[in-house]
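Notes to accompany the following structure.
Numbering (this note's numbering), first residue to last: 100 to 201.
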């Protein structure tokens, strides 16, 4: 079952990278990191240059925002957070995924 899910996620991300028609679901991002060793660079490749509005449409409103920087924070439900940084035009320029410091 896990192999089937990972294959489907991989295909979805491949299609996302090729045509940029879809943004990977936030729950998929958490699963890819926790089960497949997906990297920040791979996620950045999928999201780089997308507008903040496109991300919010796909993932919903962020769980938090960065203070003093242009960025948003989402919780994946996998005990991971995704932090997206934007340029002045609200385009994704960097991604960090990790466990939140408590």
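Just so it is clear, CB atoms sit at the ideal spot from N, CA and C, and this is done for glycine as well.
- Around the CB of residue 127, 16 or more other CB atoms lie within 10 Å, so the residue is classed as buried.
- Residue environment for residue 155: exposed (fewer than 16 other C-beta atoms within 10 angstroms of its C-beta).
- Non-local C-beta neighbours of residue 184 in its own chain, meaning closer than 6 Å and more than five positions away in sequence, comprise 170, 192 and 193, ordered along the chain.
- Judged by DSSP in its simplified three-state form, residue 143 adopts helix.
- If the five residues before and after residue 152 are omitted, its C-beta is found closer than 8 Å to the C-beta atoms of 189, all from its own chain and listed in chain order.
- Nearest C-alpha to residue 168 among 145, 187 and 180: 187.
- If you draw a straight line from the Cα of residue 144 to the Cα of residue 174, it comes to about 20 Å.
- For residue 140, the number of other beta carbons within 10 angstroms of its own is below 16, and it is reported as exposed.
- Residue burial is scored here from C-beta neighbours: residue 129 has at least 16 other C-beta atoms within 10 angstroms and is therefore classed as buried.
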